[in-house]
């Protein structure tokens, strides 16, 4: 609920526009429809146009003057850089906290923590691309912190975003 209220307050600053264009990181896509509905309860005359994509790609579009009113990024790094380079007019705000998770279609003992990824039965590990996605960066950092990154990096397959 806090997530929705914060976003509504943030979006309300653009309430004079007929259409608000919101660049939304792929990891927020699960919630954006509910957020739009809540916003339109308060501002029924304002259309919310959503552009979904990876945070890195959305930021590149903003740097090239894409007409977005709001960026809902996957982390604070990109919004801070936009603000510091004068490509954003307001200081970034944290609107949600994310968590890393791992799952498998195999029956693995996940109680071993990340060390389960060292299991020889695991041939591929999918992570978001750390070159373009904040959750990819966070995944690599977590695996390095657990001191298993070097042992498993050959198993990685990369998703474009999230």
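In mature numbering (1 follows the signal peptide of the UniProt record, and there is no 0), the protein residues as written are -17 to -1, 1 to 145.
Where is the CB? At the ideal position from N, CA and C, for every residue including glycine.
Measure from the alpha carbon of residue i to the alpha carbon of each residue in the options, then state which is nearest.
i           : options        : result
residue 99  : 15, 9, 135, 5  : 135
residue 81  : 1, 130, 18, 13 : 13
residue 119 : 48, 85, 47     : 85
residue 40  : 19, 68, 113    : 113
I believe residue i touches residue j by the beta-carbon criterion, under 8 Å. Please report the beta-carbon distance rounded to the nearest angstrom.
i           : j           : result
residue 42  : residue 66  : About 11 Å; that fails the 8 Å criterion.
residue 142 : residue 121 : Going by Cβ atoms, the distance from residue 142 to residue 121 rounds to 13 Å, so no, they are not a contact pair.
residue 51  : residue 6   : 4 Å
Within 10 angstroms of its Cβ, does residue i collect 16 or more other Cβ (buried), or is it exposed?
i           : result
residue -16 : The pLDDT assigned to residue -16 is 46, lower than 50, so where the model puts this residue is not dependable, and the model offers no usable value.
residue 31  : buried
residue 11  : buried
residue -13 : Annotation note: pLDDT 47 at residue -13 (below 50); position unreliable, coordinate value reported separately. It counts as exposed.
residue 54  : buried
residue 116 : buried
Hey, quick one: how far does the alpha helix (DSSP H) through residue i stretch, first residue to last?
i          : result
residue 44 : 38 to 46
Does the distance from the CB of residue i to the CB of residue j come in under 9 Å?
i           : j           : result
residue 9   : residue 35  : yes
residue 140 : residue 108 : yes
residue 89  : residue 104 : yes
residue 71  : residue 29  : no
residue 96  : residue 49  : no
Hey, quick one: how far does the beta strand (DSSP E) through residue i stretch, first residue to last?
i          : result
residue 25 : From DSSP, residue 25 is part of no beta strand (DSSP E) but of the alpha helix (DSSP H) over 12 to 25.
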